[in-house]
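Written below as structure tokens is the structure these notes are about.
Number of protein chains: 2
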Amino acid sequence: MRQTDRSSAAAPAARVLDFAVLGLLHESPLHGYELRKQLNASLGSLRAFSYGSLYPCLRRLQGEGLITVDDSAAASKLSGRSKVVYTLTAEGKEHFTALLGEGGPSSWEDDSFGVHMRFFAQTDAATRLRILEGRRSRVEEKREGLRAGLSRTRERLDSYTLKLQEHGLESVEHEVRWLTELIDSERSHLTTTPPKD
Amino acid sequence: MRQTDRSSAAAPAARVLDFAVLGLLHESPLHGYELRKQLNASLGSLRAFSYGSLYPCLRRLQGEGLITVDDSAAASKLSGRSKVVYTLTAEGKEHFTALLGEGGPSSWEDDSFGVHMRFFAQTDAATRLRILEGRRSRVEEKREGLRAGLSRTRERLDSYTLKLQEHGLESVEHEVRWLTELIDSERSHLTTTPPKD
DNA sequence: TTCGTCATGTAATGGGTTACATGATTAC
DNA sequence: GTAATCATGTAACCCATTACATGACGAA
């Protein structure tokens with residue numbers, strides 16, 4: 039047993055924070071502090087990042103040429119504070135769009151799906167559908183795993199563990215229903231407004 | 039803004055894995071491989087640990103004198119494989135019971151609440167109640183945060199982000215309801231079988 | 001004899017937080 | 001003038017994963 043057999047996809051983790059930062063900067067230039075606020079507000083319950091990861095991340099992205107410091111914004115000392123305003127470069131834009139359209143397994147993971155969805159408005163219906171369906175499969179797998187485990191061990195579990203597991207299962211089932219609604223609505227979108235039919 | 043103001047509780051993190059291992063060994067002696075299976079089975083959807091964290095953890099706990107290698111089990115080569123069977127020491131038992139009964143904020147965190155609940159059968163009703171109520175407050179706080187954020191930004195959000203946030207809110211609300219049920223049932227337990235009244 | 005599973009471990013790496021250090025600006 | 005918030009950053013640490021290395025046992 040290879041410990042976790044999540045296929046041998048060599049994808050380099052596709053850092054969630056990178057993606058999120060790129061996505062926000064794709065909407066408008068921002069400085070670090072504001073970026074973090076937006077980030078934690080819009081990701082809400084899903085995730086919260088600290089400066090200790092944000093600032094190094096910005097530096098890294100800058101090093102990779104995906105973002106630049108917007109000198110014009112920094113220079114105009116209208117409100118004199120020393121802000122470092124970042125903008126997406128052309129490569130940054132390209133990179134982000136690529137990541138967004140990719141819709142591979144990395145966008146289905148628990149921690150990145152929400153972030154991807156946050157930027158759904160910037161994709162096309164087909165990609166959204168692909169991601170939503172991928173996510174649903176993932177969650178359905180999880181559900182099946184839980185169900186199997188539960189029916190296997192139900193008798194041996196004390197009432198608390200049982201309730202815990204059942205609640206977990208319910209949550210997952212709820213997510214599946216939610217995803218299905220989204221998928222249906224997305225599908226009707228597609229058929230009423232066909233992309234190239 | 040001190041970044042995250044989770045009070046200045048100096049509690050040394052109360053490592054979840056440690057607690058879980060202690061708890062499982064409190065039920066019966068086990069060797070590493072089996073421990074991991076039990077762990078990932080009973081924590082189910084909540085968490086999954088790898089050997090890379092489990093074995094060092096066992097070593098550490100052993101160093102702290104909380105667990106020992108059960109030589110009798112290792113010596114009896116009935117099924118000759120070289121297993122290293124661990125047992126709780128007296129201090130280990132004490133430590134675990136203390137942690138279990140403590141029911142402080144650390145048992146309300148997302149990642150440790152489930153683990154604590156897994157071992158509820160080994161506590162008293164009062165402690166269970168305390169932990170459940172603590173957890174509920176925590177989740178209610180989260181709910182309020184989400185509601186506030188949502189009502190503040192509802193207009194500015196695109197439909198996808200909105201749906202995402204709303205689903206997050208629903209999940210949290212669902213957990214609150216669930217916890218309330220558990221609390222009520224635990225309360226009636228207490229009143230029908232008073233501990234010292 | 002080879003494959004799957006049982007079984008134990010280590011080294012490198014990763015992605016993040018905490019706590020700290022610093023200072024400007026705004027509101028009271 | 002002082003408290004809160006805005007703003008940027010760094011260094012030390014933490015907890016865990018991944019990938020690797022090793023080997024015994026049972027079944028086909």
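Chains as they are written, first to last, in this note's numbering: chain A, 39 to 235; chain B, 39 to 235.
Cβ atoms here follow ideal geometry from the backbone N, Cα and C, with glycine treated the same way.
Note that the coordinates shown come from a computational prediction; the quantities given were computed from them, not determined experimentally.
| Check | Outcome |
| --- | --- |
| Does the stretch 93 to 109 of chain A touch the stretch 57 to 70 of chain A, meaning 3 or more C-beta pairs lie closer than 8 Å? | yes |
| Measuring straight from C-alpha to C-alpha, what distance separates G70 (chain B) and E208 (chain B)? | 39 Å |
| Between Y93 (chain B) and chain A, is there a C-beta pair that is closer than 8 Å? | no |
| Beta carbon of P103 (chain A), beta carbon of E129 (chain A): below 8 Å? | According to the sequence as given, residue 103 (chain A) is Gly; it is not Pro. Yes, the Cβ-Cβ distance between G103 (chain A) and E129 (chain A) is below 8 Å. |
| Assuming contact is defined by CB atoms lying nearer than 8 Å, are R190 (chain B) and L200 (chain B) in contact in what I supplied? | no |
| Quick one: using the 10 Å Cβ neighbour count with 16 as the cut-off for buried, is E213 (chain A) buried or exposed? | buried |
| With DSSP as the reference, please indicate the residues paired to Y124 (chain A) in a beta bridge. | A:L68 and A:V107 |
| Would you say L84 (chain B) and G152 (chain B) are within 8 Å of each other, going by their C-beta atoms? | yes |
| Taking 8 Å as the CB-CB cut-off, is G141 (chain B) touching chain A? | no |
| Straight-line CA distance for L77 (chain B) to V122 (chain B)? | 17 Å |
| Is the stretch 154 to 172 of chain A touching the stretch 176 to 191 of chain B, taking contact as three or more C-beta pairs under 8 Å? | no |
| Starting from P94 (chain B), trace the alpha helix (DSSP H) in both directions and tell me its first and last residue. | Y89 to G101 |
| Put A86 (chain A) into one of helix, strand or coil per three-state DSSP. | coil |
| Is the Cβ of Y124 (chain A) closer than 8 Å to any Cβ of chain B? | no |
| Can you tell me whether F158 (chain A) is helix, strand or coil according to DSSP? | helix |
| What residues in its chain sit with their C-beta under 8 Å from that of I221 (chain A), if we drop five residues either side in the sequence? | L167, L170, E171 and R174 |
| Residue range of the alpha helix (DSSP H) that L188 (chain B) falls in? | A163 to T191 |
| Select from the stretch 67 to 101 of chain B all residues with a C-beta closer than 8 Å to any C-beta belonging to chain A, and list them in chain order. | A79, S80, G82, S83, L84, A86, S88 and Y89 |
| What does R156 (chain A) reach in chain B if we use C-beta pairs closer than 8 Å? | Y198, T199 and L202 |
| To the nearest angstrom, how far is the alpha carbon of I105 (chain B) from that of R53 (chain A)? | 38 Å |
| Mind checking whether L228 (chain B) and G82 (chain A) have CB atoms under 8 Å apart? | no |
| From the beta carbon of G187 (chain A), is the nearest beta carbon of chain B less than 8 Å away? | yes |
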